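Below is one structure, written out as structure tokens, with a few remarks after it.
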Amino acid sequence: MSFDLRDCTYYDLDFILSLKESGMKWYIEKIYGWDIDIQREKTRKELDKHIDDIKIIQVNNEDIGVTTFYKEDNAYVVGLIIIHPKYQCRGIASTIISNYINIAKAEKCNIIIKCYKDNPAKDLYKRLGFRVVSEDNSHIHMII
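Taking the working numbering, the leading residue of the sequence shown gets 15, the next gets one more, and so forth.
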């Protein structure tokens, strides 16, 4: 499926929150409990820290997802990738992460990704070459 990436702005806060709610609420609720005010504050802090690294994913000019990719020390980090459920399983996340892998390989850097243990996307990450390096109570930490 064809898609575009556009720069994120603070005006995207509500959109990102709606994506978190539609795509991640059940993980968050299970581990921490869902509180929209806490999620709004966390998302605002993410925007403050990584606004230049956050891209909004679009299909036919419709916002359908969000991704964060940045360099930290000598590795890249996929901080976030959420695709609206209506657009999942269409190769969008796979293409985006494959592009990230190519960027990291060109610079001879690793890529780190962390996901909830129950997140089915972990299977995609494994297919793309990520391997589990550690786990905690709620997350799997992967690297390529």
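Cβ coordinates follow ideal geometry from the N, Cα and C atoms, glycine included. No experiment lies behind these values; they were computed from the predicted model shown.
Note to self: Pull the bridge partners of Leu94 from the DSSP assignment, please.
What the structure shows: Thr82
Notebook entry, point to check: Exposed or buried, which one is Ile50 when buried takes at least 16 other CB atoms within 10 Å?
Noted result: Result: exposed.
Checklist line | Three-way DSSP call (helix, strand, coil) for Met156 in this model | finding: strand
Notebook entry, point to check: In terms of residues, what are the limits of the alpha helix (DSSP H) holding Ile52?
Noted result: Ile50 to His64
Checklist line | Three-state class that DSSP yields for Ser16 in the structure shown | finding: Here Ser16 sits in coil by DSSP.
Check: Across which residues does DSSP place Cys123 in a beta bridge pair?
Finding: DSSP lists no partner for Cys123.
Notebook entry, point to check: Looking only at C-alpha atoms, which of Ile45, Ile65 and Tyr90 sits nearest to Thr23?
Noted result: Closest by alpha carbon: Ile65.
Margin query: If distances are taken between C-alpha atoms only, which option among Met15, Asn133 and Asn116 comes closest to Ile96?
Written below: Asn133
Check: If you measure from the beta carbon of Lys131 to each beta carbon in chain C, is any gap under 9 Å?
Finding: Any reference to chain C falls outside this structure, which holds one protein chain only.
Next item on the list: Taking 8 Å as the threshold, find out whether the stretch 92-112 comes into contact with the stretch 69-78 through three or more Cβ pairs.
Entry: yes
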